[in-house]
Structures are given as structure tokens and as C-alpha cells.
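Each residue of the sequence shown is one higher than the last, beginning at 0 in numbering that gives the first Met the number 0.
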Amino acid sequence: MSLLGWLFGRRRKAPKDNTPQIVELGERKPIHSFETTLSGIDLENPDGSMRQDIIARTTVGTETILVAQMGALKLAAVFVAETGEQLGYLPREVSTKIIREAKGHDYGTRVAAIGEPDPETGVRDVTLAIDVFEKG
């Protein structure tokens, strides 16, 4: 940092609005669809809520939103569309592909399956269905 920058401080740009935009899919048909199991489902969210508690009250078919987390992890976080509560993350290889290709496609995501609690840990797995559409 330069002396002038240190003395007078740099003007910080206003943070970019990264609020996810919901795109109405209408009658479009997906070019392809796939399913993946979420990771990070046994963690606590920054607001103190437990993801497993959120998963326990989530139903199959619930719409979700993908949000790129561009920090050190560079993962796509998965949030319940209706409440904004985070369920977990897409696996790294799926996140990388979607983040790289996001500008050319729209994605529709929903909970495809919720597993029974593991007898030892109590953790429920979540499978997400992802539909890929041409950009609308």
C-alpha cells in the first residue's frame, strides 16, 4: 500500500449486489437434468441455525436456489427458495462446472430426495435435482 493510500485511505467501492435472481422458466424444457448429493449438510449456518434442522422440515420437491460463494472455497451454496435457509453446498466438481457455465444457462433446482437419519450420526442426506436450460 502506498503512503498516500495509507494516509487517506482508499475509497472502497460499494459491494456488488449478488442477490440471486429468480428466472421464470415458463414452458421451457431442460436440455439435460441430473442429480447430486449435497455436502456440508451437517454444518451450522452463520446465523446459528443447524442445517439438519432445516432439512428435517424440508419436503421433497422444495425449490432451491444456487448461489456462488466466491471466497476461498468457490462452491455453489444451496438455499431453500421460500425461506432463504441454507441446506448445504454442491460438491466441488459440480460447483466448479456450474459456476463456470452459469452465464450461458439457467438452472432449476429442487430437493429430489431426503434420506432417513443415519442411525449413528442422525445426519440425513439430501439429493438435489438440477435442470439445465438454455439462457432465456
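Yeah, the Cβ is synthetic: ideal placement off N, Cα and C, and Gly gets one too.
> When the Cα of Thr57 is compared with those of Gly103, Asp117, Phe78, Thr120, which residue comes out closest?
Replying inline: Phe78
>> Need the endpoints of the alpha helix (DSSP H) that Ser94 sits in, please.
In response: 91-100
> Ordered along the chain, which non-local residues of its own chain (more than five positions away) have a Cβ less than 6 Å from that of Ala128?
Replying inline: Glu34, Arg109, Ala111
> Who are the Cβ neighbours of Ile113 in its own chain at under 7 Å, not counting the five residues just before and after it?
Replying inline: Ile54, Thr57, Val59, Arg123, Val125
>> In the DSSP assignment, the beta strand (DSSP E) including Ala55 goes from what residue to what residue?
In response: No beta strand (DSSP E) holds Ala55; the alpha helix (DSSP H) holding it covers 50-55.
> Is it buried or exposed for Ile97, if we count other Cβ within 10 angstroms and need 16 for buried?
Replying inline: buried
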